[in-house]
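A quick write-up on the structure given underneath.
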Amino acid sequence: MGNIFYGIEPSVYKSQINVPYQWWAGETASKFFMVLRDDKKILGKQCPRCGKVYCPPKKTCPSCFTETNSWKEVGPKGKLISYTIVLRQLAALQKKVPVAFGLICIDGADNAMLHYIGDVDVNNITIGMEVEAVFADDRNATINAISHFKPLT
Amino acid sequence: MDAAIIGIGMTTIEKNKIACNYADLAWEAVNKALADASITIDDIDNVITTSSDFWDGRTISCMAVGDACALRHKNCSAVEGDGTFGAAYGLSRTLSGDYKTTLVTAHSKGSESISSIITNAAFDPIYERSLGLDMISASAIQAKQYMNVTGTTSEQLALVSCKNHKNAKDNPYAQLPMDITVNDVLNSEMIAEPLHKLDCSPVSDGCCAIIIANADFVKKVKAKPVWIKGVAFCSDAYFMGDRDLTKTIALENAAKKAYVMAGITNPENEIDIAEIYDAFTYQELMWIEGLGLAEYGNAGKLLEKGIFNRDGKLPVNPSGGLLSGHPVIAAGLYRIAEIVLQIREEAGARQVNAKRGIAHGVNGICGQSHCVWILDKEK
Ligand SMILES: [Zn+2]
Chain A
11 MGNIFYGIEP SVYKSQINVP YQWWAGETAS KFFMVLRDDK KILGKQCPRC GKVYCPPKKT
71 CPSCFTETNS WKEVGPKGKL ISYTIVLRQL AALQKKVPVA FGLICIDGAD NAMLHYIGDV
131 DVNNITIGME VEAVFADDRN ATINAISHFK PLT
Chain B
567 MDAAIIGIGM TTIEKNKIAC NYADLAWEAV NKALADASIT IDDIDNVITT SSDFWDGRTI
627 SCMAVGDACA LRHKNCSAVE GDGTFGAAYG LSRTLSGDYK TTLVTAHSKG SESISSIITN
687 AAFDPIYERS LGLDMISASA IQAKQYMNVT GTTSEQLALV SCKNHKNAKD NPYAQLPMDI
747 TVNDVLNSEM IAEPLHKLDC SPVSDGCCAI IIANADFVKK VKAKPVWIKG VAFCSDAYFM
807 GDRDLTKTIA LENAAKKAYV MAGITNPENE IDIAEIYDAF TYQELMWIEG LGLAEYGNAG
867 KLLEKGIFNR DGKLPVNPSG GLLSGHPVIA AGLYRIAEIV LQIREEAGAR QVNAKRGIAH
927 GVNGICGQSH CVWILDKEK
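Just so you know, the sequences run in chain order A and B.
Using this note's numbering, the letters of the first sequence correspond one by one to residues 11 to 163.
Using this note's numbering, the letters of the second sequence correspond one by one to residues 567 to 945.
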């Protein structure tokens with residue numbers, strides 16, 4: 011510590027903030043999750059103004075400030091827009107490294123979804139590859155009803 | 567614009583400023599800024615503090631530095647985000663005519679918490695957060711896509727790191743002055759492909775303060791004013807998947823507006839220096855392009871030619887940038903302070919020949935929103 015404290019004892023207060031939250035997912039995400047869980051189907055929602063289909067679905071179109079109004083079944087295949095392979099065990103990671111995250115454009119959707127890429131040697135992942143949703147065996151109504159996306163090539 | 571920056575104060579940027587709490591940091595930066603402007607705290611009529619509750623570990627974190635900014639019984643407001651946005655708010659207050667001098671501070675101590683967990687909390691809790699992404703892994707996804715689309719190489723990214731760490735050797739405020747080679751960067755730990763450890767900025771501690779004054783007040787004080795010619799900011803969609811991550815539409819919009827305000831038609835030739843938000847190596851290149859200082863996909867090639875070196879045609883981050891020290895929240899305000907020093911020809915060994923410069927700040931994941939400042943020696 012050297013002499014930066016000029017004779018005082020360095021006092022560090024160790025604590026943490028741990029606040030439970032209960033976030034209402036909203037009607038749009040709730041329906042999306044329910045159908046993932048019960049029917050193993052992926053739904054997008056379409057904007058009546060620009061015609062774009064959003065998956066994950068949005069209540070309001072991020073492009074035109076309009077409420078999306080019609081549900082469309084999309085996927086379960088999609089295209090890998092980009093990805094990363096995380097090699098350091100970053101504190102936020104839920105899984106052991108290497109962890110592959112992908113940005114996936116689900117077939118029939120105009121935006122992209124973040125999720126895991128799995129069932130693959132991570133060195134064989136490439137941008138543009140075709141992937142397909144793998145549903146979790148034990149599904150609840152969350153984004154984790156999809157376990158990961160697996161490459162088809 | 568009838569407003570100028572009349573004083574700046576920076577603490578050194580360090581990995582762990584163990585002997586300072588937030589208020590200590592602000593106390594140092596604010597007093598330096600007042601001394602720099604040759605005014606006293608009584609000359610300040612309103613204060614903007616910039617901070618983040620998550621980084622500080624307290625709600626209403628803006629008040630944590632209140633005593634050090636003398637905001638008691640003064641008009642004070644706060645911004646959560648990068649310091650450039652806090653300063654933009656401060657500027658608009660000054661221009662409103664209700665205030666003559668605005669003190670803007672921005673602080674953070676990354677050393678006191680865990681950046682991965684904090685930046686993970688920026689993700690939507692319903693659709694994304696449980697996956698475990700954070701700022702590094704999300705940026706790696708953007709970097710990969712940007713490189714794929716533009717052909718920018720890992721070697722070009724590494725050159726950004728070499729340039730900025732070398733520049734930091736002449737910046738007494740910088741945390742990581744280093745002589746490194748492209749191979750050092752490529753051989754450093756791969757954290758999240760394609761980002762090596764030396765492609766990423768560190769998490770740092772620091773506080774920066776600036777004083778913005780209206781033109782009438784500037785006339786009355788001894789301070790050397792640096793004039794604000796254009797300021798604009800713009801946001802993109804919140805979700806990464808709702809944006810084209812290889813494009814910088816928000817930055818382009820902000821830059822165009824700022825250039826129009828400043829009467830700039832050809833930024834490549836009319837800007838002498840830029841301090842850019844290089845949280846990651848690839849971002850310096852993307853933001854250079856978004857600012858119109860290089861053609862899309864061409865910044866890496868110009869970098870190889872030395873254009874952005876300190877002795878190049880358009881020095882970028884002669885301070886060493888965020889790669890050499892990244893106090894989140896304060897980082898953009900440091901960019902403004904660095905341009906002020908450069909324009910006043912007080913940047914010491916890192917001085918370049920500059921009459922007009924850009925300071926740039928970013929807020930949000932993968933450059934969701936950008937704030938662009940054009941500063942000038944002349945009014
Ligand atoms: Zn729309």
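Each residue gets a CB set at the ideal place from its N, CA and C atoms; glycine is no exception.
From a predicted model like this one, the values you see are computed outputs, not experimental measurements.
Can you tell me whether tyrosine 588 (chain B) is buried or exposed? The criterion is at least 16 other CB atoms within 10 Å of its CB, across all chains shown.
Indexing the second sequence from 1 puts residue 588 (chain B) at position 22. The residue in question, tyrosine 588 (chain B), is buried, as its Cβ has 16 or more Cβ neighbours within 10 Å.
Rounding to the nearest angstrom, what Cα-Cα distance links threonine 70 (chain A) and glycine 717 (chain B) in this structure?
Within the first sequence, the letter at position 60 stands for residue 70 (chain A). Within the second sequence, the letter at position 151 stands for residue 717 (chain B). Going from the Cα of threonine 70 (chain A) to the Cα of glycine 717 (chain B) covers about 35 Å.
Is the beta carbon of isoleucine 579 (chain B) less than 8 Å from the beta carbon of glycine 891 (chain B)?
As a position in the second sequence, residue 579 (chain B) is number 13, starting the count at 1. As a position in the second sequence, residue 891 (chain B) is number 325, starting the count at 1. For isoleucine 579 (chain B) and glycine 891 (chain B), yes; Cβs fall inside 8 Å.
In the DSSP assignment, find the unbroken alpha helix (DSSP H) run with tyrosine 93 (chain A) in it and report its ends.
One-based indexing of the first sequence puts residue 93 (chain A) at position 83. Where tyrosine 93 (chain A) is concerned, there is no enclosing alpha helix (DSSP H), although the beta strand (DSSP E) it sits in stretches over 87-96.
Looking only at its own chain, which residues have a Cβ that is under 6 Å from the Cβ of cysteine 57 (chain A), when we skip the five neighbours before and after it?
If you number the first sequence from 1, residue 57 (chain A) lands on position 47. The answer, listed in chain order, is Cys71, Thr76, Thr78.
Please confirm whether any heavy atom of ligand 1 lies closer than 7 Å to the CB of arginine 809 (chain B).
The count along the second sequence starts at 1 and reaches residue 809 (chain B) at position 243. No, since every heavy atom of ligand 1 falls outside the 7 Å radius drawn around the Cβ of arginine 809 (chain B).
If contact is defined by three or more beta carbon pairs under 8 Å, each pair taking one atom from either stretch, is the segment 668-680 of chain B in contact with the segment 876-895 of chain B?
Judged by Cβ distances under 8 Å, the segment 876-895 of chain B makes contact with the segment 668-680 of chain B, as three or more pairs qualify.
Check whether the Cβ atoms of alanine 775 (chain B) and serine 885 (chain B) lie closer than 8 Å to each other.
The residue you call residue 775 (chain B) lines up with position 209 of the second sequence. The residue you call residue 885 (chain B) lines up with position 319 of the second sequence. Cβ atoms of alanine 775 (chain B) and serine 885 (chain B): not closer than 8 Å.
Counting only beta-carbon separations shorter than 8 Å, does serine 703 (chain B) have a partner in chain A?
Counting from 1 along the second sequence, the entry for residue 703 (chain B) is found at position 137. Yes, contact with chain A.
Pick helix, strand or coil for lysine 763 (chain B), following the three-state DSSP scheme.
Within the second sequence, numbered from 1, the residue matching residue 763 (chain B) stands at position 197. Helix at lysine 763 (chain B).
Just to confirm my understanding: we take methionine 11 (chain A), look at its own chain, exclude 5 residues before and 5 after, and list those with CB closer than 7 Å. What are they?
As a working mapping, residue 11 (chain A) is identified with position 1 in the first sequence. In this prediction, methionine 11 (chain A) scores a pLDDT of 43, lower than 50, which makes its location untrustworthy; the coordinate-derived value is nonetheless stated afterwards. Here the set comprises Pro20.
Go ahead and label glycine 36 (chain A) buried or exposed: buried means 16 or more other beta carbons lie within 10 angstroms of its beta carbon, across all protein chains shown.
Here the question's residue 36 (chain A) lines up with position 26 in the first sequence. With fewer than 16 other Cβ atoms within 10 Å, it is exposed.
Cα-Cα, which of B:Ser604, B:Gly649, B:Ser682 is closest to serine 618 (chain B)?
Indexing the second sequence from 1 puts residue 618 (chain B) at position 52. The residue with the shortest Cα to Cα distance from serine 618 (chain B) is B:Gly649.
How about asparagine 28 (chain A): is its C-beta nearer than 8 Å to some C-beta of chain B?
By 1-based counting over the first sequence, the position of residue 28 (chain A) is 18. Not one chain B Cβ lies under 8 Å of asparagine 28 (chain A).
Which residues in chain B sit within 8 Å of isoleucine 137 (chain A), going by Cβ to Cβ distance?
For this step, residue 137 (chain A) is matched to residue 127 along the first sequence. Under the 8 Å cutoff, chain B gives Lys710, Gln711, Asn714.
Using a Cβ-Cβ distance cut-off of 8 Å, determine whether proline 66 (chain A) contacts chain B.
Locating residue 66 (chain A) in the first sequence gives position 56, counting from the first residue. Yes, its Cβ sits closer than 8 Å to a Cβ of chain B.
Spatial neighbours of arginine 98 (chain A) within its chain, please: CB distance less than 8 Å, with the 5 preceding and 5 following residues excluded, ordered by chain position.
By 1-based counting over the first sequence, the position of residue 98 (chain A) is 88. Closer than 8 Å at Cβ, skipping near neighbours: Val107.
Suppose you measure from the CA of asparagine 134 (chain A) to the CA of glutamate 140 (chain A); what does that come to, to the nearest Å?
Translated into positions along the first sequence, residue 134 (chain A) becomes position 124. Translated into positions along the first sequence, residue 140 (chain A) becomes position 130. Each residue's Cα considered, the two are about 12 Å apart.
Could you have a look at methionine 11 (chain A) and say whether DSSP puts it in helix, strand or coil?
As a working note, residue 11 (chain A) is residue 1 in the first sequence. With a pLDDT of only 43 at methionine 11 (chain A), under 50, the local geometry of the prediction cannot be trusted, and no value is derived from it.
Going along chain B in order, which residues have a C-beta closer than 8 Å to the C-beta of phenylalanine 145 (chain A)?
Start at 1 with the first residue of the first sequence, and residue 145 (chain A) comes out as number 135. By Cβ distance, chain B contributes nothing, its closest Cβ being about 16 Å from phenylalanine 145 (chain A), past 8 Å.
For the alpha helix (DSSP H) containing methionine 44 (chain A), list its first residue and its last residue.
Taking the first sequence and counting its residues from 1, one reaches residue 44 (chain A) at position 34. Unbroken alpha helix (DSSP H) run through methionine 44 (chain A): 36-49.
Ordered along the chain, which non-local residues of its own chain (more than five positions away) have a Cβ less than 8 Å from that of alanine 601 (chain B)?
Translated into the one-based positions of the second sequence, residue 601 (chain B) becomes position 35. Gly573, Gly575.
How about alanine 758 (chain B) and serine 696 (chain B): do their beta carbons lie closer than 8 Å?
As a first step, residue 758 (chain B) must be located in the second sequence, where it is residue number 192. As a first step, residue 696 (chain B) must be located in the second sequence, where it is residue number 130. No. Outside cutoff.
Using a C-beta cutoff of 8 Å, does aspartate 808 (chain B) count as contacting chain A?
Along the second sequence, one-based indexing puts residue 808 (chain B) at 242. Chain A contact via Cβ: present.
Take glutamine 711 (chain B) as the anchor and find which of A:Val29, A:Arg59, A:Trp33, A:Ser92 has the nearest alpha-carbon.
Looking up residue 711 (chain B) in the second sequence gives position 145. Of A:Val29, A:Arg59, A:Trp33, A:Ser92, the residue nearest in Cα terms is A:Ser92.
Confirm, please, whether the CB-CB distance from glutamine 104 (chain A) to glycine 698 (chain B) is below 8 Å.
The count along the second sequence starts at 1 and reaches residue 698 (chain B) at position 132. The count along the first sequence starts at 1 and reaches residue 104 (chain A) at position 94. Against a cut-off of 8 Å, the Cβ pair of glutamine 104 (chain A) and glycine 698 (chain B) comes out as a contact.
Please decide whether threonine 94 (chain A) counts as near chain B, where near means a Cβ-Cβ distance under 8 Å.
For the purposes of this step, residue 94 (chain A) is taken as the residue at position 84 of the first sequence. Yes, threonine 94 (chain A) counts as interfacial toward chain B.
Following a CB-centred definition, is serine 73 (chain A) positioned closer than 7 Å to any heavy atom of ligand 1?
Numbered from its first residue, the first sequence carries residue 73 (chain A) at position 63. The answer is yes for serine 73 (chain A).
May I have the straight-line CA-CA distance separating proline 30 (chain A) from alanine 803 (chain B), to the nearest angstrom?
Counting from one through the first sequence, the residue named residue 30 (chain A) turns up at place 20. Counting from one through the second sequence, the residue named residue 803 (chain B) turns up at place 237. Between proline 30 (chain A) and alanine 803 (chain B), the C-alpha separation is close to 28 Å.
Taking 7 Å as the cut-off, is the CB of arginine 59 (chain A) close to at least one heavy atom of ligand 1?
Within the first sequence, the letter at position 49 stands for residue 59 (chain A). The answer is yes for arginine 59 (chain A).
With a threshold of 8 Å between beta carbons, is proline 881 (chain B) in contact with chain A?
The residue given as residue 881 (chain B) occupies position 315 in the second sequence. It does not; no Cβ of chain A falls within 8 Å.
Looking only at its own chain, which residues have a Cβ that is under 6 Å from the Cβ of glutamate 818 (chain B), when we skip the five neighbours before and after it?
Translated into the one-based positions of the second sequence, residue 818 (chain B) becomes position 252. Result list for glutamate 818 (chain B): Gly856, in chain order.
Look at the alpha carbon of glutamate 904 (chain B) and the alpha carbon of leucine 941 (chain B), and state the distance between them as a whole number of angstroms.
Counted from its first residue, the second sequence places residue 904 (chain B) at position 338. Counted from its first residue, the second sequence places residue 941 (chain B) at position 375. Each residue's Cα considered, the two are about 11 Å apart.
Name the chain A residues that come within less than 8 Å of glutamate 694 (chain B), Cβ to Cβ?
For the purposes of this step, residue 694 (chain B) is identified with residue 128 of the second sequence, where counting begins at 1. Under the 8 Å cutoff, chain A gives Leu124, Ile153.
Say the cut is 7 Å; is the CB of threonine 76 (chain A) nearer than that to a heavy atom of ligand 1?
Residue numbering aside, residue 76 (chain A) sits at position 66 when the first sequence is read from its first letter. Within the cutoff, so yes.
Compare the C-beta of proline 72 (chain A) against all C-beta atoms of chain B and say whether one is closer than 8 Å.
Translated into the one-based positions of the first sequence, residue 72 (chain A) becomes position 62. It does: the Cβ of proline 72 (chain A) has a partner Cβ on chain B nearer than 8 Å.
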